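J.:
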Amino acid sequence: MRIIAGAGRGRRILSVPKSLPVRPISDRMRQSLFDILRPKVPGSHFLDLFAGTGAVGLEALSRGAERVIFVDKDPRCIDVIQKNLERTNWKNRAQMHRGDLLSPMGWIAYRSGLEHFDLIFMGPPYKDLQGNPLQVARVLLEGVLAAKLLAPGGWIVAQHHKKETPAAPDELELFRRSRYGDTLISFFRGRPERRPS
Numbered sequence: 230m231r232i233i234a235g236a237g238r239g240r241r242i243l244s245v246p247k248s249l250p251v252r253p254i255s256d257r258m259r260q261s262l263f264d265i266l267r268p269k270v271p272g273s274h275f276l277d278l279f280a281g282t283g284a285v286g287l288e289a290l291s292r293g294a295e296r297v298i299f300v301d302k303d304p305r306c307i308d309v310i311q312k313n314l315e316r317t318n319w320k321n322r323a324q325m326h327r328g329d330l331l332s333p334m335g336w337i338a339y340r341s342g343l344e345h346f347d348l349i350f351m352g353p354p355y356k357d358l359q360g361n362p363l364q365v366a367r368v369l370l371e372g373v374l375a376a377k378l379l380a381p382g383g384w385i386v387a388q389h390h391k392k393e394t395p396a397a398p399d400e401l402e403l404f405r406r407s408r409y410g411d412t413l414i415s416f417f418r419g420r421p422e423r424r425p426s
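Numbering (this note's numbering), first residue to last: 230 to 426.
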């Protein structure tokens with residue numbers, strides 16, 4: 230895998246061991262994703278949940294994100310992200326945190342020192358270790374909202390299986406959905422506040 234565009238264009242990214250149940254985002258998906266995110270990335274605070282290799286967050290750093298927080302449960306993923314940041318010299322603009330994202334997420338703001346994020350990307354696993362489908366996208370959206378991690382005007386981008394089509398919680402609107410084989414990427418943003426009449 231390589232960084233596609235920006236200051237780090239063409240730099241090779243280390244991958245996680247193949248024994249890990251991690252589904253790295255394909256180059257085609259990453260390119261399409263950042264074609265959509267392009268105007269929002271420069272200067273943004275970016276949260277990469279279920280970061281895996283860190284490919285999405287690294288792409289954001291390459292394209293001008295001010296700060297990226299990488300979160301993953303597996304210490305081997307955190308180790309790969311650390312090495313990728315060392316190779317790109319972007320450690321001073323990033324933090325890595327190990328934690329369970331199916332638990333309350335308030336700790337992310339506490340440990341990162343950032344209260345809100347302009348862009349939040351979540352790429353959870355599609356199946357458990359027994360091969361059963363996981364339906365976690367809606368749970369994760371609600372977790373982000375409960376922890377108040379999304380900045381005003383911010384977007385949440387959820388990568389999930391095509392058979393899982395999470396409805397937007399009341400506070401969010403789904404404004405775009407793209408399909409890549411078995412994968413869907415859904416784009417959510419906060420609903421505008423209604424002004425009292």
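We put the beta carbon where it would ideally sit given N, CA and C, even for glycine.
Keep in mind it's a predicted model, so treat the numbers as computed, not measured.
1) Tell me, please, which residues DSSP counts as bridged to residue 324.
2) Measure the beta-carbon distance from residue 416 to residue 397 and round it to whole angstroms, keeping in mind my assumption that it falls under 8 Å.
3) Mind checking whether residue 385 and residue 351 have CB atoms under 9 Å apart?
4) Please specify which runs of the beta strand (DSSP E), each continuous and at least 3 residues long, are wholly inside the segment 352-420, giving them in chain order.
5) Tell me whether residue 283 is buried or exposed, calling it buried when 16 or more other Cβ atoms sit within 10 Å of its Cβ.
6) Hey, residue 369 and residue 269 are a contact pair by Cβ (cut 8 Å); roughly how many whole angstroms apart?
7) From this set, 364, 278, 285, which residue's C-alpha is nearest residue 255's C-alpha?
8) Measure the alpha-carbon distance for residue 388 versus residue 381 and round it to whole angstroms.
9) Between the alpha carbons of residue 239 and residue 305, how many angstroms are there, rounded?
10) Can you grab the Cα-Cα spacing for the pair residue 375 / residue 280, in whole Å?
11) In chain order, what residues of the same chain have a beta carbon less than 7 Å from the beta carbon of residue 260, not counting five sequence neighbours either side?
12) Sorted by chain position, which residues of the same chain lie with C-beta nearer than 7 Å to residue 325's C-beta, five sequence neighbours on each side aside?
T.: A quick look at the data gives this:
1) Paired residues: 298.
2) About 10 Å separates the beta carbon of residue 416 from that of residue 397, a gap too long to meet the 8 Å contact definition.
3) Remark: C-beta atoms of residue 385 and residue 351 approach each other more closely than 9 Å.
4) Correct list: 379-390, 401-409, 412-419.
5) A residue is called buried once 16 or more other Cβ atoms fall within 10 Å of its Cβ, and residue 283 is buried on that count.
6) Wrong, their Cβ atoms sit about 20 Å apart, outside the cutoff.
7) With distances taken between CA atoms, residue 255 lies nearest to 285 out of 364, 278, 285.
8) Cα atoms of residue 388 and residue 381: separation of roughly 22 Å, rounded to the nearest angstrom.
9) Those two C-alpha atoms are separated by around 24 Å.
10) Going by the C-alpha atoms only, they are around 21 Å apart.
11) Excluding residues up to 5 positions away in sequence, 233 lie with their Cβ nearer than 7 Å to the Cβ of residue 260 in the same chain.
12) 299, 307, 310, 311.
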